[in-house]
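The structure appears below as structure tokens.
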Amino acid sequence: MPGWVEVLRPDEIAKISYYLASLNQRHTDVPEVKVELGKELFVKTCSSCHGDGRLVNTETGVPDLSDNIWLHGGSIEEIQHTIREGLNNVMPAFGEQLTQNEILSIGAYITHARLQNNIRLASLDAEAVERGEYLAHAGDCVACHSAEGGEPFAGGLPFVTPFGTIYSTNITPHVTEGIGSYDYEDFRAALVDGKGRHGYLYPAMPFTSYQHVTEQDLRDMWEYMQSIAAVPRRNDANQMMFPSNIRLGLLAWDIAFADRTPMTYEVPVEIQGNVEDVEKWQRGKYWVAGLGHCSECHTPRNIAQALDNDRIFQGNLIDGWQAPNITADELYIDGWDLKSLTDFLHTGHSDKGSAFAGMADVIKNSLSLMTREDIESMSYYLLKGDTNNFISATAVQLQPKGFDEAAYSEEIYATYNQTCGACHGPDGRGRDPIAPTLLNNGIIMHSDPFNTIAVTIRGLQPTYLDKERNFMPMASFEDVLSDKKLAELITFVRLHLGAREVPVTEEDVRQVREMLEKAGYSGGLHVTPEMYDQRDGSINVN
170 MPGWVEVLRP DEIAKISYYL ASLNQRHTDV PEVKVELGKE LFVKTCSSCH GDGRLVNTET
230 GVPDLSDNIW LHGGSIEEIQ HTIREGLNNV MPAFGEQLTQ NEILSIGAYI THARLQNNIR
290 LASLDAEAVE RGEYLAHAGD CVACHSAEGG EPFAGGLPFV TPFGTIYSTN ITPHVTEGIG
350 SYDYEDFRAA LVDGKGRHGY LYPAMPFTSY QHVTEQDLRD MWEYMQSIAA VPRRNDANQM
410 MFPSNIRLGL LAWDIAFADR TPMTYEVPVE IQGNVEDVEK WQRGKYWVAG LGHCSECHTP
470 RNIAQALDND RIFQGNLIDG WQAPNITADE LYIDGWDLKS LTDFLHTGHS DKGSAFAGMA
530 DVIKNSLSLM TREDIESMSY YLLKGDTNNF ISATAVQLQP KGFDEAAYSE EIYATYNQTC
590 GACHGPDGRG RDPIAPTLLN NGIIMHSDPF NTIAVTIRGL QPTYLDKERN FMPMASFEDV
650 LSDKKLAELI TFVRLHLGAR EVPVTEEDVR QVREMLEKAG YSGGLHVTPE MYDQRDGSIN
710 VN
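170 is the number of the first residue of the sequence shown in the numbering used here; add one for each residue after it.
Structure (structure tokens):
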């Protein structure tokens, strides 16, 4: 295969790589139009050998580009490298080095290995594999165990912690680089006990949540994980400081901090009168507490990075965003109901706004692939509450009224109209498909203004959750408005569109801005995804 670096521009090579990734249903954070343009370029430049990417010709060595087997690396970066540099995919002859018997022996060994793998795959329970795939989606395994633009389940995603950087591992059935040498007990020990073959696992692996998964569901997941393509990607070395780099010390962490209390599905006395459908509540709790592991992001952690379960769902900072407070009390006050929360979790869009950042990825890779019935049970559980998570007797739902005549006449409204109104509408009700509503928006109404401040400083790129409905990029206003003016604008918006009366101060904005700048998350008006990719990933913004 020739290299195309002298023929195609870098952006054209990128578009072709997005198209090739889409052939095996890979998720890429790019608009659908880039995939379509990539297909046009592929057909124009590559179809004489590859057709539309699904053509296979063993005589000329043309592989199937639509399957999940990538002989020369299947990450977006590796695909682009192959397109740029080409391949000399010719195996040298060994007729002069090996005897005929040795050649036959090697052929027999390779054939035996192939037949054994075929037998292994054929022995898998098809129904368990299908069920296991659903459960793996529910657990969002692919999100953590895939590098950005990397092959699914092949690992390499960095987790920056106060103690160093951890990289997710290859969990494909590759014998040397993945978990191909594991048996079910090894798999179960990693998921439930936090113990891998190489030692105890860091709590970035949510084993404290997966311990609540039923035995049958664990076995079905194991069946599925054995069915996926093996990827020969070597695991990245963790960069942890002493003594965090000593695996045995993680046993002490487990003993001291891991909550091993068995899950109870009895409705607490405090909310029994409010839970009309106990079975739905219990089902929702199973998904939320187990495979959904919602508390892992939305619950504060202590100095040892252990979950503070006494403050379950009260919010936490991750990658310069706030995984917001999703307690029953907060959800009730902010006006979420069963339909709006289910719409949001299942599609990323609702009448209370749209998902962005890490939550958008959770919806894309996990929640959108579950049934609406299961998502509704999760919403039901979250809205009703549980132990340490009750709706306060004094809680009052917010009722934002929108801009009234007095608001339109305020001086700050002119600033709103210049910076926000063009996309979100002069009344703040949104302009589909340009921008979501700000009126009654869950983030605008949230008790903590952190994400509202962060959005205006960082800007937002589209999430590409739905190719039919992708909002426009939002520019950063860091180089447009001073901290004081931004505080006044956010206070104005939160008051009229979110019914939050506590003002946002100049100091509030300054603190968030300086934190985001330190981590490289703020790049001024024209913030691009590349700026985030090129930032110093060793900085723990949280």
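Heads up, the beta-carbon is just placed ideally off N, CA and C, and yes, glycines get one too.
Legend entry - W450 (DSSP reduced to helix, strand or coil): Under the three-state reduction of DSSP output, W450 falls in the helix class.
Inset, instruction - Could you round the C-beta distance between T496 and F482 to whole angstroms and report it? I think they count as a contact, below 8 Å. - result: Right, their Cβ atoms sit about 5 Å apart.
Inset, instruction - Would you give the residue range spanned by the beta strand (DSSP E) that Y549 belongs to? - result: Run containing Y549: none in the beta strand (DSSP E); it sits in the alpha helix (DSSP H), 541–553.
Inset, instruction - Flag this pair as yes or no: are the beta carbons of R480 and H515 separated by less than 9 Å? - result: With contacts defined as CB atoms closer than 9 Å, R480 and H515 fail to qualify as a contacting pair.
Legend entry - At least 3 beta-carbon pairs within less than 8 Å: the region 628–635 vs the region 584–594: Cβ pair count under 8 Å is below three, so no.
Legend entry - Residues that A295 bridges to, as DSSP identifies them: A295 pairs with nothing; no bridge assigned.
Legend entry - Cα-Cα separation between H306 and F356, rounded to whole angstroms: Going by the C-alpha atoms only, they are around 17 Å apart.
Inset, instruction - Give every residue of the same chain whose Cβ lies closer than 6 Å to the Cβ of Y188, excluding the five residues on either side of it in the sequence, and list them in chain order. - result: Here Y188 has V204, G207, K208, F211 as same chain residues with Cβ atoms under 6 Å from its own Cβ, once five neighbours each way along the sequence are excluded.
Inset, instruction - Can you tell me the Cβ-Cβ gap for Y379 and V457, rounded? I've got them flagged as a contact below 8 Å. - result: The Cβ separation is near 13 Å, so there is no contact.
Legend entry - Range covered by the alpha helix (DSSP H) that runs through G611: According to the DSSP assignment, G611 belongs to the alpha helix (DSSP H) that extends over 611–614.
Legend entry - Which residues DSSP lists as bridging N558, in chain order: Residue pairing of N558 in beta bridges, as defined by DSSP: D555.
Legend entry - Assumed close pair S413, A316 - CB separation to whole angstroms, cut-off 8 Å: Not really, about 22 Å apart at Cβ, beyond 8 Å.
Inset, instruction - Please classify H367: is it buried, with 16 or more other beta-carbons within 10 angstroms of its beta-carbon, or exposed? - result: Exposed, because fewer than 16 other Cβ atoms sit within 10 Å of the Cβ of H367.
Inset, instruction - Given a cut-off of 9 Å, decide if M170 and L240 are closer than it, judged by their beta-carbon atoms. - result: Against a cut-off of 9 Å, the Cβ pair of M170 and L240 comes out as no contact.
Legend entry - With 16 other Cβ atoms within 10 Å as the buried cut-off, status of I532: Buried: at least 16 other Cβ atoms inside 10 Å.
Inset, instruction - Using a threshold of 9 Å, state whether the C-beta atoms of G242 and T251 are closer than that. - result: Cβ atoms of G242 and T251: closer than 9 Å.
Legend entry - Distance, N339 Cα to R403 Cα: Using only the alpha carbons, I get a separation of about 7 Å.
Legend entry - G347 - DSSP class collapsed to helix/strand/coil: Reduced to three states, the DSSP call for G347 is coil.
Legend entry - Residue closest to L607, alpha-carbon to alpha-carbon, out of D635, L664, A562: Comparing Cα positions, the closest option is L664.
Legend entry - Length of the line joining the Cα atoms of V436 and E499: Straight through space, the alpha carbons of E499 and V436 are spaced by roughly 20 Å.
Legend entry - Beta-carbon contacts of E302 that lie in its chain and below 7 Å, excluding the five residues immediately before and after: Cβ within range, chain order: Y393.
Inset, instruction - To the nearest angstrom, report how far apart E201 and S464 are at their CA atoms. - result: Answer to the nearest angstrom: the Cα atoms are 32 Å apart.
Legend entry - Span of the beta strand (DSSP E) around Q395: Counting along the chain, Q395 falls outside any beta strand (DSSP E), though it belongs to the alpha helix (DSSP H) covering 384–396.
Inset, instruction - Label P569 either buried or exposed according to how many other C-beta atoms from any shown protein chain fall within 10 Å of its C-beta, with 16 as the threshold for buried. - result: Buried, since its Cβ has 16 or more Cβ neighbours within 10 Å.
Inset, instruction - Starting from G173, trace the alpha helix (DSSP H) both ways and give me its first and last residue. - result: For clarity, residue 173 is Trp in the given sequence; the question names Gly instead. Careful: W173 lies outside any alpha helix (DSSP H) and carries neither H nor E.
Inset, instruction - Rank G489, G319, P672, G597 by C-alpha distance to the C-alpha of K687 and give the top, closest one. - result: If we check each option's Cα against that of K687, G489 comes out closest.
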